[in-house]
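Protein chains: 2
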Amino acid sequence: MGTEFLKIKESEEATEIIQNLFDECYRAEGEEIPVADAYGRILFEDVLSPMDFPPFDKALKDGFAVKAEDTFGANDENPNTLEVIDFLEAGSTTDKVVESGKAIEISTGAAMPEGADAVVMVEYCDKGEKSVDILKSATPTLDVAKKGSDIGQGELLMEKGSVLTPGKIGVLLSQGFKTVNVFKKPSVGVISTGNELIDQEDELTYGKIFDVNGNMIKNDVISCGGDAKFLGIVKDNYDQLKQKIQESLKEADILICSGGTSAGLGDVIKHVLDELGEVYIHGISVQPGKPTIVGVVDDKIIIGLPGNPVSALMIFNVFVAPAITKLSGIDYNFAEHSINGILQKRIHSPVGRMQYQLVKIDGDKVYPIFKDSGAIFSLSTADGYVKVLKSVELVDEGEEVEVFLFNKLI
Amino acid sequence: MGTEFLKIKESEEATEIIQNLFDECYRAEGEEIPVADAYGRILFEDVLSPMDFPPFDKALKDGFAVKAEDTFGANDENPNTLEVIDFLEAGSTTDKVVESGKAIEISTGAAMPEGADAVVMVEYCDKGEKSVDILKSATPTLDVAKKGSDIGQGELLMEKGSVLTPGKIGVLLSQGFKTVNVFKKPSVGVISTGNELIDQEDELTYGKIFDVNGNMIKNDVISCGGDAKFLGIVKDNYDQLKQKIQESLKEADILICSGGTSAGLGDVIKHVLDELGEVYIHGISVQPGKPTIVGVVDDKIIIGLPGNPVSALMIFNVFVAPAITKLSGIDYNFAEHSINGILQKRIHSPVGRMQYQLVKIDGDKVYPIFKDSGAIFSLSTADGYVKVLKSVELVDEGEEVEVFLFNKLI
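If you read the sequences in order, they're chains A and B. Straight run, no breaks: the first sequence in our numbering ends on number 552. Straight run, no breaks: the second sequence in our numbering ends on number 552.
Here it is as structure tokens:
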């Protein structure tokens, strides 16, 4: 029993151990997916331009492709008349060459014909049957985008870590990308333990309650960029939990359990992890983190969250979400996303333990969500948490507090 | 030709016409989906609590279930000794009744046994072989959550329009919901038109460019909460476009086309819509909205965006995104999401026309993205737009501007 206490960690220490274990056990991976389905995904590598863009000298206006020198001195009163020898839509080509005295009618986006070096906008042209009067002088390259003028082949198009917005998807499409290499979503399995838990498919009998943590934590993992599966409920029983963990390790790279970790009658997960692998954290010296457990089995991390849904959501967001978010490639600094507000109800905090208090926000009002029975309903408005330092016993109603927000994705 | 001008609309008028057409043609619908897969979806109706919660009197602490009166006067020095007649884990039940002088050991979350009205925490108990010494007096209901004390059957649990966060999903699960009625995603088909456009599967030949708008707008519709499909590229040709629109109307409720709407050589979409249905807007008096077209065929809205990707993204976000977002059930007031910054490059604006200028933001610096050739690459950093009023000709470098942001979802 004596060594047990060594595994109770302070908050900062726990954060560091968890991040280090993630760094040791996992390496971010990329996967090729269609660009068309990439909304919100994150680039796994720098993308270089595969070609010059535009890929040809391109007309930027509707008008006439000409030799600029043929227009010098032209104005409304003294137009220069040119022979129109062809017509080029965007996407079409011609064998004809624009020689001195000739012009080709051209649409925006069309490739410039050989011999021409400028476009005179249709507004400055007076079109006849087979000729055109040019009413304004043009300089060479006027309303022409030169081949490769926007970006050259091999230049950096987009950086690793970019979140693929519609605009970024547009850029990849313009360069002809069919697929793109994005961060693969880490595979996370979620297990609930507890004799009192039943599935929503089951009938509620006396003394039982519906499992909340399984699919709640699954969805929170999804919000961190993970690929999460709820793997079911097991009894708070050594053999069943052990078997479930062993099976689940085949289905997911990270396992998150909840329940079964209280210091009371259960605490079976600790014994299972001790047998199957190694326990690194057994209790975090924070409120409400006492029953939290972190172990490694077969180079895969297994995390045990408290069974109470308010505590489970809190501990997941403070200690686990940052590591999963980072592995998912999301560049989100949790510490930087906070807002200040006025506390609406006093928070008592145990001296000598950091407290994380779940809160909801309404304008600049901050309401603590206490872990009592009715708190399950306040979960629906949980926006983030307030940190109460070790040395503080009380934060009073009316004090200004900093709220760290949960929202993780774009 | 004379009536044509009647269909050129001012910006505010166009916004109103589009929203009114959406209100006439579509009605938001709900669909039942599993709660477990509901992250980010939006409640289509108020959810009432189907049951009392907690569903039974519940122990809030590990300890002993007792009659409170049996503990009156107890303290460290004068404990009251009670006979322990059973042990109740969370989820288990017992036939035994707590009569005076008796106690049942109980775990957090377990249903209170008959006869008991309080829990004495394990810290205030000294457990013997078949008895327990109670070291502290308890009042009735101490550490007991009464049945229905958190919420009663039929009370409002969650409001229509709520975005389903992990916490809200947790609340639904706690009440035993297997499925939830959420806003159905509006079905949107996207078509690109242009002779110069090729698919990313095709080889790039001289004069052609890869289609950008199809899958870019598809992904932007997804970011508005829509269910979008890119239906392919058609030539800028009356018969092909007409056939494509007719086919596409069978696959989607809203159609968004781009290209084929310039005042130049194409403009086929206008003629197709005139034949198949009715055109309500043909040109919006904004920069860059001139080629925008809005029509209705078979009670379905068809929108034609400009072919230039920068203009297409801009017009989609200003005029179409709000209507799709609203139909998706997302309560997002675009006008309210703006930030101020300092313009880094002068914007020239045509007098007499509202201008929407696409911009990117870097800290408090605002960079305009001009619709010239290279703008396609700036799309990757487009964050929103700046409005330049009709009466303004120039917004100078260094001026403070308001940027309306594109980001639409949670």
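Virtual Cβ for every residue (Gly too), placed ideally from N, Cα, C. Quick caveat, the model's predicted, so the values are computed rather than measured.
Please name the residue, chosen from the options, that lies closest to residue i on a Cα-to-Cα basis.
| i | options | result |
| --- | --- | --- |
| asparagine 361 (chain B) | A:Asn162, A:Phe548, A:Glu166, A:Val177 | A:Val177 |
| glycine 336 (chain A) | A:Ser427, A:Asp292, A:Pro451 | A:Pro451 |
| serine 365 (chain A) | B:Glu152, B:Ile150, B:Asp179, B:Glu173 | B:Asp179 |
| alanine 216 (chain B) | B:Lys278, B:Ser400, B:Ala252 | B:Lys278 |
| serine 533 (chain A) | A:Val501, A:Arg495, A:Ala524 | A:Arg495 |
| valine 322 (chain A) | A:Val239, A:Phe548, A:Tyr181, A:Leu284 | A:Tyr181 |
| isoleucine 481 (chain B) | B:Thr523, B:Tyr527, B:Glu241 | B:Tyr527 |
| isoleucine 484 (chain B) | B:Gly505, B:Lys529, B:Leu500 | B:Gly505 |
| glycine 425 (chain B) | B:Gly419, B:Gly437, B:Leu418, B:Val414 | B:Gly437 |
| leucine 163 (chain A) | A:Pro492, A:Tyr422, A:Val501, A:Ala280 | A:Tyr422 |
| glutamate 535 (chain A) | A:Tyr498, A:Ser273, A:Ile503, A:Val545 | A:Tyr498 |
| glutamate 158 (chain B) | B:Pro464, B:Ile227, B:Val286 | B:Pro464 |
| arginine 488 (chain B) | B:Val543, B:Ala370, B:Lys412, B:Lys442 | B:Val543 |
| serine 427 (chain B) | B:Gly303, B:Leu531, B:Leu299 | B:Leu531 |
| isoleucine 518 (chain A) | B:Val313, B:Glu343, B:Lys371, B:Gln486 | B:Val313 |
| leucine 224 (chain B) | B:Leu230, B:Lys244, B:Gly233 | B:Lys244 |
| histidine 490 (chain A) | A:Ser453, A:Ile443, A:Asp538 | A:Asp538 |
| proline 197 (chain A) | A:Gln295, A:Phe206, A:Tyr168, A:Cys167 | A:Gln295 |
For residue i, which of helix, strand or coil comes out of DSSP?
| i | result |
| --- | --- |
| phenylalanine 461 (chain B) | helix |
| cysteine 399 (chain A) | strand |
| glutamate 417 (chain A) | helix |
| glutamine 497 (chain A) | strand |
| methionine 193 (chain A) | coil |
| threonine 523 (chain A) | helix |
| glutamate 542 (chain A) | strand |
| leucine 469 (chain B) | helix |
| lysine 502 (chain A) | strand |
| serine 480 (chain A) | strand |
| isoleucine 518 (chain A) | helix |
| valine 534 (chain A) | coil |
| lysine 442 (chain A) | strand |
| proline 451 (chain A) | helix |
| lysine 412 (chain A) | helix |
My guess is that residue i and residue j are in contact by the Cβ rule of under 8 Å, so how many angstroms apart are they, rounded?
| i | j | result |
| --- | --- | --- |
| methionine 254 (chain A) | aspartate 212 (chain A) | Not confirmed; about 15 Å, so no contact. |
| isoleucine 311 (chain B) | asparagine 357 (chain A) | 6 Å |
| isoleucine 466 (chain B) | glycine 401 (chain B) | The Cβ separation is near 20 Å, so there is no contact. |
| aspartate 259 (chain B) | proline 282 (chain B) | 5 Å |
| alanine 524 (chain B) | leucine 455 (chain B) | 7 Å |
| phenylalanine 461 (chain A) | alanine 156 (chain A) | 6 Å |
| serine 153 (chain A) | proline 328 (chain A) | Incorrect: roughly 24 Å between the Cβ atoms, too far for contact. |
| isoleucine 83 (chain A) | valine 262 (chain A) | The question about residue 83 (chain A) has no answer, for chain A in this structure spans 143 to 552. |
| threonine 250 (chain A) | glycine 349 (chain B) | Between glycine 349 (chain B) and threonine 250 (chain A) the Cβ distance is about 13 Å, and since that is not below 8 Å, they are no contact. |
| isoleucine 375 (chain A) | aspartate 341 (chain A) | 6 Å |
| glycine 257 (chain B) | valine 239 (chain B) | 4 Å |
| phenylalanine 546 (chain A) | phenylalanine 458 (chain A) | With a Cβ gap of about 14 Å, phenylalanine 546 (chain A) and phenylalanine 458 (chain A) do not count as contacting. |
| leucine 391 (chain B) | valine 414 (chain B) | Contact doesn't hold; Cβ gap of about 12 Å is too wide. |
Is it buried or exposed, residue i, if we count other Cβ atoms within 10 angstroms and call 16 or more buried?
| i | result |
| --- | --- |
| glycine 408 (chain B) | In this predicted model, glycine 408 (chain B) has a pLDDT of only 45, less than 50, meaning its place in the structure is not dependable enough to derive any value. |
| proline 433 (chain A) | buried |
| lysine 209 (chain A) | buried |
| serine 97 (chain B) | Nothing about residue 97 (chain B) can be reported from this structure: the residues present for chain B run from 143 to 552 only. |
| glutamate 265 (chain B) | exposed |
| threonine 347 (chain A) | exposed |
| serine 191 (chain A) | buried |
| phenylalanine 319 (chain A) | buried |
| glutamine 317 (chain B) | buried |
| proline 492 (chain A) | exposed |
| aspartate 353 (chain B) | buried |
| alanine 170 (chain B) | exposed |
| leucine 315 (chain B) | buried |
| asparagine 222 (chain B) | buried |
| aspartate 204 (chain A) | buried |
Following a CB-centred definition, is residue i positioned closer than 6 Å to any heavy atom of the ligand GDP?
| i | result |
| --- | --- |
| alanine 210 (chain B) | As for the ligand GDP, it is missing from this structure, which has no ligand bound. |
As an exercise, report each continuous alpha helix (DSSP H) stretch of at least 4 residues that is fully enclosed by the region 339-410 of chain A, in chain order. 355-365, 380-390
* To do: List in chain order: all unbroken beta strand (DSSP E) runs of 3+ residues lying wholly within the region 143-224 of chain B.
  => 172-176, 205-208
message: Quick check on the DSSP output: what are the complete beta strand (DSSP E) runs of length 3 or more inside the region 311-341 of chain A, in order along the chain?
response: 321-325, 329-335
Ignoring anything shorter than 3 residues or poking outside the region 236-318 of chain A, list the beta strand (DSSP E) runs there in chain order. 244-248, 260-263, 267-269, 273-276, 298-300
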